[in-house]
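Visitor:
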Amino acid sequence: MLDVERLSIHFEDRGRREEAVKNVSFQLADGKILGIVGESGSGKTMTALTIAGLKKQRAVIDGGSVCLDGVDLLTLDDAQLRSVQGARIGMIFQEPMSALNPTMKIGKQLEEVLVLHAKLSKEERRNKVFAAMEDVELENPRELYEKYPHELSGGMRQRAMLAAAIVCRPKLLIADEPTTALDVQTQDGILGLLKKLNQKYGMSILFISHNLRVVEKLCGRVLVMKSGEVVEEGSVEAIFGNPQTEYTRELIAAIPDACGKNWKDGATVEQDEAVAEEIAVWQGEAVADENAMEKDVLEPKKVLEVCHLNAYYREGRVRRQILQDVSFTLHEGEIVGLVGGSGSGKTTLCKCVLGLLKEYDGVVIHHTKRPQMVFQDPYGSLNPRKTIGWILEEPLKVQGGFSKEERRRKAEEMLERVHLPKEFYKRYPKELSGGQRQRVSIATALMTGTKFILADEPLSALDVTVQAQMIELLKELQEKEKICYLFVSHDLDVVHLLCDRVLKVEGKTVTSMYG
Amino acid sequence: MARCSTSLADMVLYRGSYLMKYKGHSHNFTLGLGITVFMVALILLGFLWTPYEPDAMQGSLKLNAPSLLHLFGTDQFGRDIFSRVLVGAGSTLVIAAGTILIGGLAGVALGAVCGYFGGWLDEGVMRVCDALAAFPSVLLALVIISIAGSGKYKVMVALGIAFIPSFARIVRGEFMRLREADFVIGARLIGVPTPRILFVHILPNILPSLLSALAIGFNNAALAEAGLSYLGIGVQPPDASLGRMLSESQTYLASGVWCAAFPGVFLVLLVLGVGLLGEGILDRFGGGR
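Protein chains in written order, with our numbering: chain U, 1 to 515; chain G, 1001 to 1289.
So, in structure tokens, the structure goes:
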């Protein structure tokens, strides 16, 4: 049905030629789901956008063809292409908020696709829109029809975006990282939905992701891309069970998985039980350790105490309670996970802990100076106009009492401690990769001499191999410097792998899991 | 006359930015920079040396057409127009620069504080700015001058005050956008004192928008000054100013069109150069987004 033959695309960036996609070929048959995996820069998104006819003007096609049912999409002019987009190819993106028009009601946006591609009466269109909304399991379609995107929750917006993509029953749905920004429950919902649509309507899906676990759950066949080329291709069983190339093996090995077991679809329940067993063993050991420590009169130093915290959110006149009577203590050298679905209050708790939110009763005590934070988005967390050296030296300037040479020396030392070359002192953030920037963020946090770092999803924007390296770094710093981390994440595998214990935020309270 | 120059320059800029903008490299920037540097060089030359004394009247040479002796011709008093244009453009430059300096500094300070802190401070200051902005700048300058008296520097201060709201608004918007940025929160957590956060951490990130606004401000100030002088309020005779020259040459258009043409063209070129430069800065250095 979809036949991509030797597709090659390059970019001209200030006189330099960058090969984005090199000789990529693959097929997608009717009713099948194909996953394309790869790290950032692998060319997977560019390939997807080109198939959808959405490639940027700066990207130039060098050769190859993209045939949908025998018609080469690359040879079509604008008008012909537009008749294909929406009707025969649908696309969903990572960020539903930017994919939906904020000034248009949901119903109208869904109808628009029909207006463009089908000649139907107003009544028929409305019915089709309701049918599409039911397909994506949106409740109360009639009510939702009149709402605006900002009135919907994140998960609902994803579904609305999906509804808009499928309302014309396209033969091919292209999904570009649709689950990356979602927590696990919502992710599973969307994946289930895609599977259902595939089975019900025989719609083929091209699923782009850097998250191999998700691809393994959903897809029948997988394409692995690196630096614009196809590295390996095969069925899911073949690729994950018996990877042929070095790169594929690396990618799969880098997937964080607790207890060393391979994560397979349908094994969720058993895995949780197995994890619970292992944790029980850890608990036993941990208790024993604590006893031993107490005997030595070496009590782990407290770093953060939260006592009877009630947090509120002010919306105009109304004050809603987000957290109720939350208490916990964190100690030096602990890595504690913080999990909870979206909207559970995780972010509110973090803001209270850091002193960024003032609407709370209760006590938050820090036994360390200046609690620090590492953010989710490595691209916004460093001042784009300053050099890395300047960024690292700011905490020292705040403390005062350091000469210029001393500051420079300390900054370079810190770079080494996070395993970055000293030369980075002079570089600007835009010259660094995501993983390198996160290292700089961690280094800056350490410069303050703090013992507490709140890490807010620091790994979710990073590629799998880089994630693995960062986990090692965090562990190393925990051991060497006795840093306490509060690790916020919705990636349960990483949490199980990295954290000593886990705090779960649910229903306005925080419960401590596994000890 | 000033209004004619505005429309012409605007038209060229508008069309120009469609034709000349091109990915990455900015023709606007290079052209703008070229013209501006050229004009400023000429004006600086004028500060040091002019072919003739700008005020020297020579009865016998009244209204001579441009010639080798007098490049731009002479006016109704026999004064060399080229010299007068150089010196007049100098006045315009100083006044416009002074205006954006005053308006810019105050605007940035107010905008930064209002944008970052919000709340009552923001509301209060912005309402005052709104009131100020409700006056056309020329009218506001008139009011201030009627109190303080006219003259080159008073015009500068008056226009500077009139321009504060527009700079404040732009800067405020940018600070509002950036105050929740991760790197700003990070700086707060490190303990960086607030003034440093505002002016050392955030300000460099809004420079492209700010510089572009300053360029537009410069042009508006130059044209406002020309307008005021035309009305007889700004630079006083016998001092030269481009606007004043345009005003004085009105009666002599039939007999000596060069009396108006050269000051007019000079004004247009200056405004064009700075305008293209402003556009070019945005092209090349982005809006910070």
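Cβ atoms here follow ideal geometry from the backbone N, Cα and C, with glycine treated the same way.
Closer than 9 Å by beta-carbon distance: list the chain U residues that pair up with A1181 (chain G), in chain order.
Guide: Locating residue 1181 (chain G) in the second sequence gives position 181, counting from the first residue. The answer, in chain order, is G380, S381 and N383.
Visitor: Note down the Cα distance separating K508 (chain U) from L323 (chain U), rounded to an integer number of angstroms.
Guide: As a working mapping, residue 508 (chain U) is identified with position 508 in the first sequence. As a working mapping, residue 323 (chain U) is identified with position 323 in the first sequence. Rounded to the nearest angstrom, the two C-alpha atoms are 4 Å apart.
Visitor: Note down, in chain order, all residues in the segment 1192-1226 of chain G with a beta-carbon under 7 Å from any beta-carbon belonging to chain U.
Guide: V1192, H1201, P1204 and N1205
Visitor: Taking the alpha helix (DSSP H) that T45 (chain U) falls in, what are its first and last residues?
Guide: As a position in the first sequence, residue 45 (chain U) is number 45, starting the count at 1. That run of the alpha helix (DSSP H) goes K44 to A52.
Visitor: Which chain G residues are close to V398 (chain U), counting only those with a beta carbon under 7 Å from its beta carbon?
Guide: For the purposes of this step, residue 398 (chain U) is taken as the residue at position 398 of the first sequence. What V398 (chain U) touches in chain G: I1190, G1191 and V1192.
Visitor: By Cβ distance below 7 Å, which residues in the same chain neighbour Y201 (chain U) in space, the five residues on each side in sequence not counted?
Guide: As a first step, residue 201 (chain U) must be located in the first sequence, where it is residue number 201. R169, listed in sequence order.
Visitor: Closer than 8 Å between beta carbons: that is the criterion. Which residues of the segment 116-131 of chain U meet it against chain G?
Guide: none
Visitor: To which residues of the same chain is L432 (chain U) closer than 6 Å at the C-beta, ignoring the five residues directly before and after it?
Guide: Along the first sequence, one-based indexing puts residue 432 (chain U) at 432. Cβ neighbours of L432 (chain U) beyond the five flanking positions: none.
Visitor: Using the C-alpha atoms, what's the distance from V339 (chain U) back to A276 (chain U)?
Guide: Position 276 of the first sequence, counting from 1, holds the residue named residue 276 (chain U). Position 339 of the first sequence, counting from 1, holds the residue named residue 339 (chain U). Confidence in A276 (chain U) is poor, its pLDDT being 44 and thus under 50, which makes the residue's placement unreliable; the coordinate value appears in the next sentence. Near 16 Å, if we compare the C-alpha coordinates of V339 (chain U) and A276 (chain U).
Visitor: Could you have a look at I255 (chain U) and say whether DSSP puts it in helix, strand or coil?
Guide: Within the first sequence, numbered from 1, the residue matching residue 255 (chain U) stands at position 255. DSSP places I255 (chain U) in coil when its eight states are reduced to three.
Visitor: Can you give me the C-alpha to C-alpha distance between N383 (chain U) and P429 (chain U), rounded to a whole angstrom?
Guide: Here residue 383 (chain U) is taken as the residue at index 383 of the first sequence, counted from 1. Here residue 429 (chain U) is taken as the residue at index 429 of the first sequence, counted from 1. C-alpha separation (whole angstroms): 7 Å.
Visitor: Could you give the residue range of the beta strand (DSSP E) that holds I1197 (chain G)?
Guide: If you number the second sequence from 1, residue 1197 (chain G) lands on position 197. That residue, I1197 (chain G), is in no beta strand (DSSP E); it is neither H nor E in DSSP.
Visitor: Okay, do the segment 1247-1261 of chain G and the segment 1103-1122 of chain G touch, 3+ Cβ pairs below 8 Å being the bar?
Guide: no
Visitor: Can you check whether the C-beta of R159 (chain U) is within less than 7 Å of a C-beta belonging to chain G?
Guide: As a first step, residue 159 (chain U) must be located in the first sequence, where it is residue number 159. Not an interface residue.
Visitor: Which whole-angstrom value is the C-beta distance of L588 (chain U) and G35 (chain U), which I expect to be below 8 Å?
Guide: The structure shown does not extend to residue 588 (chain U), since chain U is modelled only from 1 to 515, so the question has no answer here.
Visitor: Assuming the contact rule is C-beta atoms closer than 8 Å, A1134 (chain G) and A1162 (chain G) should be a hit. Round their C-beta distance to whole Å, please.
Guide: As a position in the second sequence, residue 1134 (chain G) is number 134, starting the count at 1. As a position in the second sequence, residue 1162 (chain G) is number 162, starting the count at 1. That belief does not hold up - the Cβ atoms of A1134 (chain G) and A1162 (chain G) are roughly 11 Å apart, past 8 Å.
Visitor: Leaving out the 5 sequence neighbours to the left and right, which residues in its chain are closer than 7 Å to Y1116 (chain G) when beta-carbon positions are compared?
Guide: For the purposes of this step, residue 1116 (chain G) is taken as residue 116 along the second sequence, with counting starting at 1. Same-chain partners within the cutoff: F1175, R1179 and L1198.
Visitor: Taking 6 Å as the limit between beta carbons, can you name the residues of its chain near I174 (chain U), skipping five residues before and five after?
Guide: In the first sequence, residue 174 (chain U) corresponds to position 174, counting from 1. Excluding sequence neighbours, I174 (chain U) sits near A48, A52, M91 and L206.
Visitor: Taking contact to mean at least 3 C-beta pairs separated by less than 8 Å, is the segment 1120-1135 of chain G in contact with the segment 1210-1217 of chain G?
Guide: no
Visitor: Would you list the residues sitting across from H10 (chain U) in a DSSP beta bridge?
Guide: The count along the first sequence starts at 1 and reaches residue 10 (chain U) at position 10. Bridge partners of H10 (chain U): U:E19 and U:V60.
Visitor: Count the other CB atoms within 10 Å of the CB of K451 (chain U); is the residue buried (16 or more) or exposed (fewer)?
Guide: Counting from one through the first sequence, the residue named residue 451 (chain U) turns up at place 451. Label assigned to K451 (chain U): buried.
Visitor: Assign H1070 (chain G) to one of three DSSP states: helix, strand, or coil.
Guide: Sequence index remark: in the second sequence, residue 1070 (chain G) carries index 70 (1-based). If DSSP states are grouped into helix, strand and coil, H1070 (chain G) belongs with coil.
Visitor: Counting C-beta neighbours from all protein chains within 10 Å, is the total for M1020 (chain G) 16 or more, i.e. buried, or is it exposed?
Guide: Translated into positions along the second sequence, residue 1020 (chain G) becomes position 20. At M1020 (chain G) the pLDDT is 41, less than 50, meaning the model places this residue with poor confidence; the figure from the coordinates comes in the next sentence. It is buried - the Cβ of M1020 (chain G) has at least 16 other Cβ atoms within 10 Å.
Visitor: For A67 (chain U), I'd like the list of residues in its chain whose CB is within less than 6 Å of its CB, leaving aside the five on either flank, ordered along the chain.
Guide: Counting from one through the first sequence, the residue named residue 67 (chain U) turns up at place 67. Checking the displayed sequence, the identity of residue 67 (chain U) turns out to be Cys instead of Ala. Here the set comprises D3.
Visitor: Between P102 (chain U) and chain G, is the shortest Cβ-Cβ distance under 7 Å, so that the two count as touching?
Guide: One-based indexing of the first sequence puts residue 102 (chain U) at position 102. No, no contact with chain G.
Visitor: Any idea what DSSP makes of F240 (chain U), helix, strand or coil?
Guide: For this step, residue 240 (chain U) is matched to residue 240 along the first sequence. Here DSSP, grouped into helix, strand and coil, assigns F240 (chain U) to helix.
Visitor: Check the Cβ of G1115 (chain G) against every Cβ in chain U and list those closer than 9 Å, keeping chain order.
Guide: As a position in the second sequence, residue 1115 (chain G) is number 115, starting the count at 1. Under the 9 Å cutoff, chain U gives no residues; its nearest Cβ is about 17 Å from G1115 (chain G).
Visitor: Helix, strand or coil: which one does DSSP assign to I36 (chain U)?
Guide: In the first sequence, counting from the first residue as 1, residue 36 (chain U) sits at position 36. It is a strand residue.
Visitor: Which term fits E457 (chain U), buried or exposed, when burial requires 16 or more other beta carbons within 10 angstroms of its beta carbon?
Guide: Taking the first residue of the first sequence as 1, we reach residue 457 (chain U) at position 457. Looking at its Cβ environment, which holds 16 or more other Cβ atoms inside 10 Å, E457 (chain U) is buried.
Visitor: State the Cα-Cα distance for the pair V1271 (chain G) and G1119 (chain G), rounded to the nearest angstrom.
Guide: The residue labelled residue 1271 (chain G) in the question sits at position 271 within the second sequence. The residue labelled residue 1119 (chain G) in the question sits at position 119 within the second sequence. A straight line joining the alpha-carbon of V1271 (chain G) with that of G1119 (chain G) spans about 38 Å.
Visitor: In or out: R409 (chain U) buried (at least 16 other Cβ within 10 Å) or exposed?
Guide: Taking the first sequence and counting its residues from 1, the one referred to as residue 409 (chain U) is at position 409. Exposed, since its Cβ has fewer than 16 Cβ neighbours within 10 Å.
Visitor: Would you give the residue range spanned by the beta strand (DSSP E) that L454 (chain U) belongs to?
Guide: Position 454 of the first sequence, counted from the first residue, corresponds to residue 454 (chain U). Where L454 (chain U) is concerned, the enclosing beta strand (DSSP E) stretches over F452 to D456.
Visitor: Check whether the Cβ of T448 (chain U) lies closer than 7 Å to any Cβ atom in chain G.
Guide: One-based indexing of the first sequence puts residue 448 (chain U) at position 448. It does; some Cβ of chain G falls within 7 Å.
Visitor: Please confirm whether R407 (chain U) and E359 (chain U) have their CB atoms less than 7 Å apart.
Guide: In the first sequence, residue 407 (chain U) corresponds to position 407, counting from 1. In the first sequence, residue 359 (chain U) corresponds to position 359, counting from 1. No, these two residues do not count as a Cβ contact at 7 Å.
Visitor: At a Cβ threshold of 7 Å, is M414 (chain U) touching chain G?
Guide: Numbered from 1 along the first sequence, position 414 holds the residue referred to as residue 414 (chain U). Closer than 7 Å: no.
Visitor: With a cut-off of 7 Å, does the C-beta of Q372 (chain U) fall near any C-beta of chain G?
Guide: Taking the first residue of the first sequence as 1, we reach residue 372 (chain U) at position 372. Yes - at least one Cβ of chain G is within 7 Å of the one on Q372 (chain U).
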